[in-house]
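Asks:
Protein chains: 2
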Amino acid sequence: METVRLRLDVAYDGAGFSGWSRQPGLRTVEGELVHALATILRRGDQHSAAPRLTVAGRTDAGVHALGQVAHVDVSAEEWEAMARRDRRRGVVDGAPGASLRRRITGIAGRAGDLVARDVTVASPGFDARFSPLWRRYEYRVADRHAPRDPRRRGHTLWFDERLDLDAMDAASRSLTGLHDFAAFCKPRPGATTIRRLLDFSWSRDAEGVLVGQVRADAFCHSMVRALVGAAIAVGAGRFDEDALHRVLESTQRSGAAPVVGAHGLTLVEVGYPPEHELATRAELTRARRGPVRSGGPVRSD
Amino acid sequence: METVRLRLDVAYDGAGFSGWSRQPGLRTVEGELVHALATILRRGDQHSAAPRLTVAGRTDAGVHALGQVAHVDVSAEEWEAMARRDRRRGVVDGAPGASLRRRITGIAGRAGDLVARDVTVASPGFDARFSPLWRRYEYRVADRHAPRDPRRRGHTLWFDERLDLDAMDAASRSLTGLHDFAAFCKPRPGATTIRRLLDFSWSRDAEGVLVGQVRADAFCHSMVRALVGAAIAVGAGRFDEDALHRVLESTQRSGAAPVVGAHGLTLVEVGYPPEHELATRAELTRARRGPVRSGGPVRSD
Numbered sequence: 040m041e042t043v044r045l046r047l048d049v050a051y052d053g054a055g056f057s058g059w060s061r062q063p064g065l066r067t068v069e070g071e072l073v074h075a076l077a078t079i080l081r082r083g084d085q086h087s088a089a090p091r092l093t094v095a096g097r098t099d100a101g102v103h104a105l106g107q108v109a110h111v112d113v114s115a116e117e118w119e120a121m122a123r124r125d126r127r128r129g130v131v132d133g134a135p136g137a138s139l140r141r142r143i144t145g146i147a148g149r150a151g152d153l154v155a156r157d158v159t160v161a162s163p164g165f166d167a168r169f170s171p172l173w174r175r176y177e178y179r180v181a182d183r184h185a186p187r188d189p190r191r192r193g194h195t196l197w198f199d200e201r202l203d204l205d206a207m208d209a210a211s212r213s214l215t216g217l218h219d220f221a222a223f224c225k226p227r228p229g230a231t232t233i234r235r236l237l238d239f240s241w242s243r244d245a246e247g248v249l250v251g252q253v254r255a256d257a258f259c260h261s262m263v264r265a266l267v268g269a270a271i272a273v274g275a276g277r278f279d280e281d282a283l284h285r286v287l288e289s290t291q292r293s294g295a296a297p298v299v300g301a302h303g304l305t306l307v308e309v310g311y312p313p314e315h316e317l318a319t320r321a322e323l324t325r326a327r328r329g330p331v332r333s334g335g336p337v338r339s340d
Numbered sequence: 040m041e042t043v044r045l046r047l048d049v050a051y052d053g054a055g056f057s058g059w060s061r062q063p064g065l066r067t068v069e070g071e072l073v074h075a076l077a078t079i080l081r082r083g084d085q086h087s088a089a090p091r092l093t094v095a096g097r098t099d100a101g102v103h104a105l106g107q108v109a110h111v112d113v114s115a116e117e118w119e120a121m122a123r124r125d126r127r128r129g130v131v132d133g134a135p136g137a138s139l140r141r142r143i144t145g146i147a148g149r150a151g152d153l154v155a156r157d158v159t160v161a162s163p164g165f166d167a168r169f170s171p172l173w174r175r176y177e178y179r180v181a182d183r184h185a186p187r188d189p190r191r192r193g194h195t196l197w198f199d200e201r202l203d204l205d206a207m208d209a210a211s212r213s214l215t216g217l218h219d220f221a222a223f224c225k226p227r228p229g230a231t232t233i234r235r236l237l238d239f240s241w242s243r244d245a246e247g248v249l250v251g252q253v254r255a256d257a258f259c260h261s262m263v264r265a266l267v268g269a270a271i272a273v274g275a276g277r278f279d280e281d282a283l284h285r286v287l288e289s290t291q292r293s294g295a296a297p298v299v300g301a302h303g304l305t306l307v308e309v310g311y312p313p314e315h316e317l318a319t320r321a322e323l324t325r326a327r328r329g330p331v332r333s334g335g336p337v338r339s340d
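Line by line, the protein sequences are chains A and B. Count along the first sequence starting at 1, add 39, and that's the number in this note's numbering. Count along the second sequence starting at 1, add 39, and that's the number in this note's numbering.
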């Protein structure tokens, strides 16, 4: 059966979700999107299967996203039927993707905390999970230097000590490169912990809030929050600047600082290669990320 | 009895409050602060009276603040008793104001939505309400051009049309100056509606969100939200650029656009004159704002 692959760009406030991945009885981002898509595609009668989403970054409970990317395959018939309904309704503003975007937001994002920013037909070879070149996260920390903005407390860690920006920044930058990040990963059987950390740096925004930028080809589980926890330990003077590199080289989780709270973390952007490299990149990633478990590919975001 | 006047700089997320002003049975910013101060000052036994707060901007339900300012008078005895308790507890980081700041935030801001940013002994002649030269508000609007950030939906109006920034900005700037703003005020008997609008302008921030800056010597009730509603009507093409000035000159509320939602509005800053002008400025303002009702001075924020 011919299928059409749709790319969904979504943003969400993580506070109201038990993370990305569907779980019975819990409100999750994937669960809300699957429900919305099933409603819009009118599945249930003709199809026994719920739409299956594949995502770039399986965010944990409480983690936010501005630039999350997922894909879903719909049949050419479903796609055409949607377009026909749009035409009947007199939807005029361009591609069926635009009306799909509005309807997904209307159904899945009734609470305002989940927004479909864009829905488009994916380029050939596109795979939301395996095509990315990198994922970029931001972590916000208001230390004692920074004024606290209660409006933004849901996505900012409030830290009651002074943090040394330069020390944090230097220590964080020293971790970039291709390394075994086992010391900063929750172990998962069969999954590699080797990652290429492309950026890890800190600056203060206009209000004085510390913003950590973390970009890597992919992240193992809890890696960003473990890295940020370690950087904060340096900023607070509990670790010296070389400590992060020593912890990295030890590949032992025991030496690391505590993982920081999820609410300061936002998946900001997923970087994909140009269209002609999408398929090659996906094949390369699949080959490199190691074995596939019976329940599906191992977590690699 | 000798008193010490304390200046409180506070920030809050308006979503959890029924506005600034104390109301029986409702959670208000003033109510939380008065409760915290009464607890810290150990009133109740010695004093029958709750601490009385005077505020720069009596924000409505749902309106946020980053730079709200209030004052409270405490007796010299209470102030000295607090300082003694701090010394006994070994509080070392400077003035009693610092420990008071932390305790107010700890008691009034348990939910994280109310923060005392600073507590200091006020300069001589300081009056939170009558000394200000101006109040500055910001209003955030994400129109169809701007990506929606679900993390910030609590303090941003989502508007589903495209807004013409230049038209809004030009129309808004045309309203600055000393005018009778009756067309943009909820009428209150005996209160003047003449205000000096110092700034009213629009720009897009780095994310593309429209941010309106509104600064005036003082605002009558609902004035900022009426001005913003009118500017949005221009941006959406429902009013032409000259319409705002015509509405202003009509001094008739009927001609104005709908008042916009409270949640997009934040009191950002209150501007006070240099110390030697504080008392003169307060006297001048009291004289100019017109009659005083039996229930206290008329609303003038």
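Here a beta-carbon is modelled for each residue, glycine too, at the ideal position from N, C-alpha and C. All figures in this text were calculated on a predicted structure; none of them were measured in a lab.
Against chain B, which members of the stretch 48 to 74 of chain A pass a CB distance test of less than 7 Å?
Replies: A50, Y51, D52
Asks: Could you have a look at G303/A and say whether DSSP puts it in helix, strand or coil?
Replies: To locate residue 303/A, count along the first sequence from 1; it is residue 264. Residue state, collapsed to three classes: helix.
Asks: Does the CB of G268/A have a neighbour CB from chain B at under 8 Å?
Replies: Translated into the one-based positions of the first sequence, residue 268/A becomes position 229. False, the Cβ-Cβ gap to chain B never drops below 8 Å.
Asks: Excluding the 5 residues preceding and the 5 following H260/B in the sequence, name in chain order all residues of the same chain whose CB lies nearer than 7 Å to its CB.
Replies: Position 221 of the second sequence holds residue 260/B. C224, K225, R227, R338.
Asks: Along the chain, which unbroken stretches of the beta strand (DSSP E) at least 3 residues long are found entirely within the stretch 223 to 295 of chain A?
Replies: Counting whole runs of 3 or more residues, the stretch 223 to 295 of chain A contains the beta strand (DSSP E) stretches 233 to 243, 249 to 255.
Asks: Measure from the C-beta of R175/B to each C-beta in chain A and report whether the shortest distance is under 8 Å.
Replies: In the second sequence, residue 175/B corresponds to position 136, counting from 1. Not flagged as an interface residue toward chain A: R175/B, since no C-beta distance is shorter than 8 Å.
Asks: Just mark L323/A as buried or exposed, buried being the case when its beta carbon has 16 or more other beta carbons within 10 Å.
Replies: On the first sequence, position 284 is the one that residue 323/A refers to. The residue in question, L323/A, is exposed, as its Cβ has fewer than 16 Cβ neighbours within 10 Å.
Asks: For V244/A, count the other beta carbons within 10 Å of its own beta carbon; 16 or more makes it buried, fewer makes it exposed. Which is it?
Replies: As a position in the first sequence, residue 244/A is number 205, starting the count at 1. One detail in the question is off: residue 244/A reads as Asp in this sequence, not Val. Burial call: exposed.
Asks: Measuring only the C-alpha atoms, how far is D279/A from L266/A?
Replies: Along the first sequence, one-based indexing puts residue 279/A at 240. Along the first sequence, one-based indexing puts residue 266/A at 227. Each residue's alpha carbon lies about 15 Å from the other.
Asks: If you measure between the beta carbons of W343/B and V111/B, is that distance less than 8 Å?
Replies: The question about residue 343/B has no answer here: the residues shown for chain B are numbered 40 through 340.
Asks: When you compare the CB positions of V286/B and R264/B, do they come within less than 8 Å of one another, or not?
Replies: In the second sequence, residue 286/B corresponds to position 247, counting from 1. In the second sequence, residue 264/B corresponds to position 225, counting from 1. Against a cut-off of 8 Å, the Cβ pair of R264/B and V286/B comes out as no contact.
Asks: Identify the contact partners of D182/B in chain A, using a Cβ-Cβ distance below 8 Å as the criterion.
Replies: Reading the second sequence from its first residue, position 143 is the one you call residue 182/B. Here the premise fails: no neighbours, minimum Cβ distance about 14 Å.
Asks: Identify which residue in E117/A, S57/A, A321/A, D52/A has its Cα closest to the Cα of M40/A.
Replies: Here residue 40/A refers to the residue found at position 1 when the first sequence is read from its first residue. Residue E117/A is the option with its Cα nearest to M40/A.
Asks: For S162/A, tell me which candidate among A147/A, E316/A, A50/A has the shortest Cα-Cα distance.
Replies: By one-based count along the first sequence, residue 162/A stands at place 123. Of the candidates A147/A, E316/A, A50/A, the one whose C-alpha sits nearest the C-alpha of S162/A is E316/A.
Asks: Name the residues in the stretch 95 to 122 of chain A whose C-beta lies less than 8 Å from a C-beta of chain B; which are they?
Replies: Residues of the stretch 95 to 122 of chain A with a C-beta atom less than 8 Å from some C-beta of chain B are H103, L105, listed in chain order.
Asks: Given that a residue counts as buried once 16 or more other Cβ atoms are within 10 Å of its Cβ, and exposed if not, what is G145/B?
Replies: What you label residue 145/B is simply residue 106 of the second sequence in a count that begins at 1. Exposed is the call here.
Asks: Using beta carbons (cut-off 8 Å, strictly below), is V154/A in contact with chain B?
Replies: One-based indexing of the first sequence puts residue 154/A at position 115. It does: the Cβ of V154/A has a partner Cβ on chain B nearer than 8 Å.
Asks: Rounded to a whole number of angstroms, what is the C-alpha to C-alpha distance between T232/B and D152/A?
Replies: Mapped onto the second sequence, residue 232/B falls at position 193. Mapped onto the first sequence, residue 152/A falls at position 113. Their backbone Cα atoms lie some 39 Å apart in a straight line.
Asks: Quick one: list the residues of chain A neighbouring D188/B, beta-carbon separation under 7 Å, in chain order.
Replies: Walking along the second sequence from the start, residue 188/B turns up at place 149. Neighbourhood of D188/B in chain A, by CB distance below 7 Å: A50, L105, in chain order.
Asks: Which residues mark the beginning and the end of the alpha helix (DSSP H) in which A147/B is found?
Replies: By one-based count along the second sequence, residue 147/B stands at place 108. Membership of A147/B in the alpha helix (DSSP H) is indicated by the continuous run 135 to 147.
Asks: With DSSP as the reference, label V102/A as helix, strand or coil.
Replies: Translated into the one-based positions of the first sequence, residue 102/A becomes position 63. Three-state DSSP puts V102/A in coil, outside helix and strand.
Asks: Can you name, in chain order, every residue of its own chain whose Cβ lies under 7 Å from the Cβ of R183/B, other than the five neighbours on each side?
Replies: On the second sequence, position 144 is the one that residue 183/B refers to. Cβ within range, chain order: D199, E200, R201.
Asks: Please confirm whether R46/A has its beta-carbon closer than 8 Å to some beta-carbon of chain B.
Replies: In the first sequence, residue 46/A corresponds to position 7, counting from 1. R46/A does not count as touching chain B.
Asks: Looking only at its own chain, which residues have a Cβ that is under 8 Å from the Cβ of A270/B, when we skip the five neighbours before and after it?
Replies: Your numbering for residue 270/B matches position 231 in the second sequence. Same-chain partners within the cutoff: M207, A210, S211, F239, W241, G251, L283.
Asks: Starting from R192/B, find everything on chain A with Cβ-Cβ shorter than 8 Å and list it in chain order.
Replies: Along the second sequence, one-based indexing puts residue 192/B at 153. Near R192/B (Cβ distances below 8 Å), the residues of chain A are D52, G151, D152.
Asks: Looking at chain A, is there any beta carbon in it that lies within less than 8 Å of the beta carbon of S339/B?
Replies: Working through the second sequence from its first residue, we reach residue 339/B at position 300. For S339/B, the pLDDT reaches just 42, beneath the cut-off of 50, and the residue's location in the model is therefore unreliable, leaving the point undetermined.
Asks: Where do the N-terminal and C-terminal ends of the alpha helix (DSSP H) with L72/B fall, by residue?
Replies: Here the question's residue 72/B lines up with position 33 in the second sequence. Run containing L72/B: 68 to 79, per the alpha helix (DSSP H) assignment.
Asks: Might you give, ordered along the chain, the residues of its own chain that have their beta carbon closer than 7 Å to the beta carbon of G294/B, omitting 5 neighbours on each side?
Replies: Walking along the second sequence from the start, residue 294/B turns up at place 255. Excluding positions up to five away in sequence, the list reads A222, V286.
Asks: Considering only the beta carbon of each residue, do G69/A and R61/A sit closer than 8 Å?
Replies: Counting from one through the first sequence, the residue named residue 69/A turns up at place 30. Counting from one through the first sequence, the residue named residue 61/A turns up at place 22. For clarity, residue 69/A is Glu in the given sequence; the question names Gly instead. A contact, by the Cβ cut-off of 8 Å.
Asks: Rounded to a whole number of angstroms, what is the C-alpha to C-alpha distance between G101/A and H218/A?
Replies: To locate residue 101/A, count along the first sequence from 1; it is residue 62. To locate residue 218/A, count along the first sequence from 1; it is residue 179. Cα to Cα, the separation comes out at about 27 Å.
Asks: With respect to the beta strand (DSSP E) encompassing W118/A, which residues constitute its N-terminal and C-terminal limits?
Replies: Taking the first sequence and counting its residues from 1, one reaches residue 118/A at position 79. It is not in any beta strand (DSSP E) - W118/A instead sits in the alpha helix (DSSP H) that spans 115 to 127.
Asks: What are the boundary residues of the alpha helix (DSSP H) that includes D188/B?
Replies: The residue you call residue 188/B lines up with position 149 of the second sequence. No alpha helix (DSSP H) holds D188/B; DSSP gives it neither H nor E.
Asks: Which of the three DSSP states, helix, strand or coil, is assigned to H184/B?
Replies: Position 145 of the second sequence, counted from the start, is the residue given in the question as residue 184/B. In this structure, H184/B counts as coil in the three-state DSSP scheme.
Asks: What residue does the beta strand (DSSP E) around R156/A start on, and which one ends it?
Replies: Within the first sequence, the letter at position 117 stands for residue 156/A. Counting along the chain, the beta strand (DSSP E) containing R156/A begins and ends at 153 to 160.
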